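Residue numbers (the working numbering), protein chains in the order written: chain W, 473 to 879; chain P, 102 to 491; chain R, 317 to 546; chain L, 45 to 274; chain U, 4 to 174.
We put the CB at the ideal spot given by N, CA and C, even for glycine.
Computed from a prediction, not measured in an experiment: that's the story for all the values here.
Reviewing the structure listed below.
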Amino acid sequence: MIAAATTDAFLERAPVLLRDAVTGFLPEPWRTLVNALIAVGLILGIFGTLFAFITLAERKILGRVQNRPGPNRAPIPFINKRFFGLSQPFADGVKSLTKEDIVPRDADKVLHYLAPVALLAFSILTFAVIPYGRNLVPVELDAAVLYFFAAGAATELAVFMAGWASRNKYSLLAAMRALAQLISYELPLLLSWVPVVLIAGTLSTTAIVDAQAGWKFGFIPHWHVFTPWGFAGFVIFMVAALAESNRSPFDTPEAESELIAGHLTEYSGFKYALFFMAEYFGMLALSGMAITLFLGGWRSPLPFLEFIPSYLWFGGKLLALIFGFIWIRATFPRLRIDQLTRFAWKFLVPLALINLGNTIVWSLMSNSSALMQLARWPVCAAIILVPFVVLGRKLSAGVAPRIYRYA
Amino acid sequence: MSISDLSPLGAQGGSHVRAVHDEFHGDLLEVSMGPHHPSTHGVFRMIVTLDGETIVKLKPVFGYLHRNHEKLGENTSYLGSMPYTDRLDYLCSMTNNWAYAIAVEKLAGQPVPERAEYVRVILAEITRLLNHTCLAGFLMQDLGCSGTPLMYAFREREKILDLFESLSGSRMMCNYQRFGGCRVDPSADWLEGAKQLTDGYGQFLDEFEALLTGNEIIMARTQGTGVLSPELAVAAGVTGPMLRATGVNYDLRKTDAYGVYPRFDFRVPLGAHGDVYDRYMVRVLEMRESIKILQQALAGIPAGPIMDPKAKLRGFRPKAGEAYGRIEGPKGEIGFYLVSDGSPNPYRYRVRAPSFINLTILEDMCLGQTVADAVIILGSVDIVLGEVDR
Amino acid sequence: MLGSGLIQGLAVTAKNLVGSFHDPARYTNVEYPEVKTKLPEAYRNFPFLVTESASDPMGTLRCVACQICEKECPPQCIYIEKSKDKKPDATGKMQLFPAVFDIDTSVCMSCQICVEVCPFDAIKMDQVFEVATTSRFEALLLNRNQLAKPNTYYHSIHPTEAAEVDGRLAAERKAAEEKAKAAAAAKAAAAAAPKSATAAASATPPSTTPTPKPPAAPSAEAPKPPTPAA
Amino acid sequence: METAEQIRDRLLARFPGAEISVVTNPGAAAQHSLLLGHAHARAIAEFLRDDAPLKLDQCSNVTGIDWPEKKIVETTKVTVPDPAGGPAKVVEQKSERVQPGYLEVVYHLYSIAFRHGPVILRLRTGNRTDQVTVPSLTPVWRACEFQEREVFDLYGVKFEGHPDLRRILMWDTFKDHPMRKDYVEPDDYEWEPTPHGAVLEKAKAHYPTPPAAAIAPAAAPTPATGGAKS
Amino acid sequence: MNAVLIVIALVTLGAAAVAMTLRNLIHSALLLIASWAGVAAFYLWAGAEFVAFAEILVYVGAVSMVVLFAVLLTRRSRADLTVTPDSAGRAISGFIAGGAVCGVLVGAIVATPMGVGSSPTPTVTVKQIGVQLMGTHAASLLIVGVLLTVALLGAIVIASADRTDDSEDTP
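If you want it as structure tokens, here you go:
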């Protein structure tokens, strides 16, 4: 944890000051250890409750989109007043703890037990490198982004273990589908943030956030998302993130209308809750990384809003992205597995590669004359939009709204 | 072992599939989808033989909801069977009642007053709106939308069910029509409520279509899936929107011209490809036509008796003989074949259920498709198990 | 352009999300136990026996145990046993009454055919739907006392229908009275004629008030029970 | 559209050896039907489907009907000369005739191309016990596939030439044919609080004590677990 | 510091050894993947973060999937896994080959001069690695890239060769 900059407002430095107050007196080796433990505790605490309330928010927002109130029956334990269902997550938590954990007779006991543990472990690992505030990054790594996606890539191993260990036709089919989907969306996910590293020149997350400091004309922040290649990269990243965390248009593995609950069919009780927690942690981590790479991490969008502490900005952006995930889940149906993989290989990967070329053109044109600075906007926009339309038309070749005749 | 000898109707089957069997394909996986399955619309089971993801054989299994409705019909009086017809296709009780009433009126030669015919057309078209809206909701639920279109459909369905409840006393089990007219005369403000419903329905359909019809994912999933050829559809006795989606122009409201349908001008939408998207779109366009019929019927409903004065309620004994009456129900041609021997109970009481016969070619549509497609093909056939199993 | 349909879909869900907070047409949800919806007047669930007065329900039961509803009920869930003796009904005529009148509400499907076929308007449809009980047999088998409800209750749940039924019954009673009076006058005239001839004959005490003709059969056909449904 | 008689004549012209007769329908619907012999049934069906003016390409409905043995008592009026030379008296003579039972399959055919109404075909089996085979029309109209399986399942009519003749509604190990008139229900009687009519005899078979409704409902005997399975 | 090294070495070698003895194919495949993770841990211990994360990303992420798919698609059921060598000749030649490989390895290990004093682990930033890759070793990087692409295309050709004859039946 780098030393706190003295010039910031008090609220900004509050968390670091608090931590130094607590561990200030410890001798050197023990202090870093305790600091790390505090960071781990904080992450698990905050993201654990955030996970609980996101499940509630998801059901409430889905409810409101469908013109119904969403869960509002669970009373607060002792004062048993129904407060808009705010205690629903705790009710779900207790339910998942008390539900019987059935393991099928001829399941592969070891793998069946290991799958949720591995999945959760890998998705929690990814929280280590996301900068939550001005100097609130748990681990300062030089190759932080690579570490993030290395930990993320191992989740498919755990999904396979879950599918294979349950010895059930449905979960076997779902394990195959999940693997096909995760592998084919890993490529666009990785390719979409390569332009950011190209421009920022570093793999360390804090350096990337610093690269997005400052404002142009006083109010447009230098975030990567406000550049043509950045916006394209952001969209590809978010679509691939949707697929990686098995969210709505891409939730074929647990397609409830076809394969019951996919690779989760034979899980119940707390292991099922662990799978859910791992999925939500994956979603939170990916949106955290999207914020860091494209939305200027913990930076405030306008200069005069600087007084709001940086971690609140990060939280706000995170909740906005989560709302986006839920909104998409409320609207879109599910893609079939072959359409899903065709969409990845024939649309997202080429676009990501073109976006890479687009960034190179952008950076070459950026250090020349002012005219070129202006010209690079339409040029780069065209470089990415034209293939988008062409590939789009090729992808949806035989698919179009039809005109109907009447007899 | 090629496909054709697997499904006995291979030679005559529609979309014929030839799968090369070699070691790479591995052995076939037999999966039983149902009767407890989230998307089989009730207790319906499909034994699906899979080669990887593609379906090689699909055998539907019925009978889980079989109550022997026809034996019940033979042991109860003509009037006593009327409440049981509500439980055939429990989404559209009004059209079931009308089909049974039309068959008995044909059997006994019972005239029906003008106002009752208008009320029957109004209720049948409202039931068509209800059924097609629910079908769109269930189909989108099978496609994977997490409940949003279904909840919009149910919000509109509630308004319709309130209308039925204030008229017949019960939301779904209306038991409203009698031989020779209807049981209760709709009041003026009921007709006003029906007029408000139809006027507001067009706006709901616009919003519903904005959400669904142009959606690329839905178009990609449903266009080209479960194609049904017109010849096979006609040969297999498929009726209703499924038949019209293949382009065959056959709507009983136009061909049989029963009731007072000839007085209203409305058009019959026809599909061109016979796939799941066409079946969805034909039903949505039919809803817009139903709104037109409703507006004309509500405007032109005459005064007069709702029940033919000479109609006998209890000691109803039609002369010996037989009759087959049918109407264009929302799911297809629903018909009743009655054989009477002069006693108060029918000698033979047969229900021609559209869902049951439309399932004949489920296997032909699903061959070669994936498991995910089989679910939406079944959804697009629009079956209700009460009617399939009787 | 790929994705325009998807964005349109997102716009619709956003409109509904916002709409559900202020637009009553969209947010039609009613939180049932706390807020109850107003039942339409025609709503029907489970029949009940109409009694003239609330004070003496068993005495003023309209039902005359003609067992038509028992025969016509499709699921056969009504069980009637006639009484041995008779009791005067509303018009004073001596009528049978049901000693046992059970409806098994676990079988009854509230199809109101019994109401339609009852010639004496003795059974009407109730509007009670919160009838959950713990025992499967005893509590769901409603006997005569549990079924009987006063005519005032009938007015409270089905006002227009009840008024129309009472109007019809009153008209019938009035017609029955006139007919009885006319019959009595005719009998008196006939009795007067021979009396003038046999003035000396001891005045035979006139029979007690002439029994009025049974009330005219209501508009439906004669209550001749049809051959039992085989 | 031609009447049944015209169609019969054209068919007889086309298939000289076939047994085709018109069965008149006395009811008000006046939908007369053609009774076909087994030999030419499928050829006639194919002809009706492809023949130019008729083109009956949709088999809308396939129904099974069970006609058990029936004793027909015919009263014929016979004029008997009065042996005492008086005027001839008319005497009704009752002659009893047993009509053999048979199973019948009725097909309702419609034409989608020319949109005209039902032509009804009837196929009858030899008797109700061993000769129960009928030529299947599924190869002609694919619509008959499931409906013929249902007639086989519920009536026991074997369709010769049907591609996949199995039970469709009942489970495969079910022995009897439930829709036949002489079908005896399995004795799976469950205790009912208000048994009356046909159910009353069954109740007596299971519960020698009088049915529960007679005695006060409160003391209803709790049924033996799972109903008395005799 | 070398206590951690011993633990990592034990984990890596142990996992690989156990993987060889297990009868269940899937278990042995997963233990193989665990030993790759052990190798990545070794890189981390040695301070080469970039290589460690690359190892996890490539091996534990992608190659493990290839191994598991291969295991799934081989139709060998557990029964016909013969452990005993077919003939004596095959066993002897097996030993000879194994012995030769061990000899070469041991020779190489002995020959390399093990630096006794541990020089301070150089902190190399990712930027320097990038410059090195694109600078001096650009040629080798490109060769490896081409090699992988060829391998990829070859795999696709083999797979699609099998697809062509039944590709027309899926609509």
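Could you tell me if residue i is buried or exposed, where buried requires 16 or more neighbouring beta carbons within 10 angstroms of its beta carbon?
{"i": "P:CYS193", "result": "buried"}
{"i": "U:CYS105", "result": "exposed"}
{"i": "W:ASP723", "result": "buried"}
{"i": "R:THR520", "result": "Its pLDDT being 45, under 50, R:THR520 is placed unreliably in this model, and the coordinates cannot settle the point."}
{"i": "L:GLN75", "result": "buried"}
{"i": "W:PHE555", "result": "exposed"}
{"i": "U:SER143", "result": "exposed"}
{"i": "L:SER274", "result": "Below a pLDDT of 50, predicted positions are generally treated as unreliable, and L:SER274, at 35, falls in that range; no measurement from the model is reported."}
{"i": "P:PRO161", "result": "buried"}
{"i": "L:ARG141", "result": "exposed"}
{"i": "P:HIS142", "result": "buried"}
{"i": "L:GLU46", "result": "exposed"}
{"i": "P:GLY181", "result": "buried"}
If you follow the beta strand (DSSP E) that residue i is part of, which residue opens it and which one closes it?
{"i": "P:ARG146", "result": "146 to 152"}
{"i": "R:TYR464", "result": "It should be pointed out that residue 464 of chain R corresponds to Ala in this sequence rather than to Tyr. Per DSSP, R:ALA464 belongs to the beta strand (DSSP E) from 464 to 466."}
{"i": "R:ASP420", "result": "414 to 420"}
{"i": "L:CYS103", "result": "102 to 111"}
{"i": "L:GLN137", "result": "133 to 143"}
{"i": "R:ALA330", "result": "Careful: R:ALA330 lies outside any beta strand (DSSP E), inside the alpha helix (DSSP H) at 320 to 338."}
{"i": "L:GLU118", "result": "114 to 124"}
{"i": "L:LEU153", "result": "146 to 154"}
{"i": "P:ILE156", "result": "155 to 162"}
{"i": "L:GLU204", "result": "202 to 204"}
Answer yes or no: the CB of residue i versus the heavy atoms of the ligand ADP, is any distance below 6 Å?
{"i": "W:VAL668", "result": "For the structure depicted, the ligand ADP is absent and the ligand set is empty, with no information on it obtainable."}
In terms of residue numbering, what span does the alpha helix (DSSP H) encompassing residue i cover?
{"i": "W:TRP834", "result": "821 to 838"}
{"i": "W:PHE786", "result": "782 to 803"}
{"i": "P:LYS411", "result": "P:LYS411 -> no alpha helix (DSSP H), and no H or E assigned at all."}
{"i": "R:PHE362", "result": "No alpha helix (DSSP H) contains R:PHE362, which DSSP labels as neither H nor E."}
{"i": "L:PHE190", "result": "188 to 199"}
{"i": "W:MET648", "result": "641 to 672"}
{"i": "U:ILE29", "result": "28 to 49"}
{"i": "L:LEU165", "result": "Taken as a continuous stretch (DSSP letters only), L:LEU165 belongs to no alpha helix (DSSP H), being part of the beta strand (DSSP E) at 163 to 168."}
{"i": "L:MET45", "result": "Run containing L:MET45: none; DSSP gives neither H nor E here."}
List the whole-angstrom C-beta distance separating residue i from residue j, where the pair is believed to meet the contact cut-off of C-beta under 8 Å.
{"i": "U:ALA18", "j": "U:GLY41", "result": "6 Å"}
{"i": "P:VAL144", "j": "P:LEU159", "result": "P:VAL144 to P:LEU159, Cβ: 17 Å. No contact."}
{"i": "P:VAL485", "j": "P:SER456", "result": "6 Å"}
{"i": "P:ALA522", "j": "R:VAL328", "result": "Any property of residue 522 of chain P remains undetermined from this structure, which presents chain P solely from 102 to 491."}
{"i": "P:ILE156", "j": "P:ALA475", "result": "6 Å"}
{"i": "W:GLY864", "j": "P:GLN324", "result": "In fact, because the Cβ distance is near 16 Å, the residues do not count as touching under 8 Å."}
Practice problem: Anything in the segment 612 to 641 of chain W with a Cβ closer than 8 Å to a Cβ of chain U? List those residues in chain order, please. | Solution: LEU613, ASP614, ALA615, LEU618, TYR619, PHE621, ALA622, ALA623, ALA625, ALA626, GLU628, LEU629, PHE632, MET633, TRP636
Practice problem: Pick out the complete alpha helix (DSSP H) segments inside the segment 320 to 404 of chain P, 4 residues or longer, and give them in chain order. | Solution: 331 to 336, 342 to 346, 353 to 356, 377 to 401
Quiz item: Taking any Cβ of chain P, which residues in the segment 357 to 371 of chain R have a Cβ under 9 Å from it, in chain order?
Solution: GLU357, ALA358, TYR359, ARG360, ASN361
Self-check item: 4 or more residues per run - each alpha helix (DSSP H) lying fully within the segment 402 to 479 of chain P
Solution: 455 to 459, 463 to 467
Practice problem: Compile a chain-ordered list of the residues in the segment 419 to 442 of chain R whose CB is closer than 8 Å to at least one CB of chain P. | Solution: MET425, SER426, CYS427, GLN428, ILE429, GLU432, VAL433, MET441
Exercise. Output, in sequence order along the chain, the residues in the segment 207 to 223 of chain L whose CB is closer than 9 Å to any CB in chain P.
Key: PRO207, ASP208, ARG211, ILE212, LEU213, MET214, TRP215, PRO222, MET223
Self-check item: Segments of 4+ residues assigned as alpha helix (DSSP H) that fall wholly inside the segment 426 to 503 of chain R
Solution: 429 to 433, 460 to 463, 467 to 473
Exercise. Taking a Cβ distance cut-off of 8 Å, strictly less, list which residues of the segment 794 to 807 of chain W are near chain P, in chain order.
Key: ARG801, ALA802, THR803, PHE804, PRO805, ARG806, LEU807
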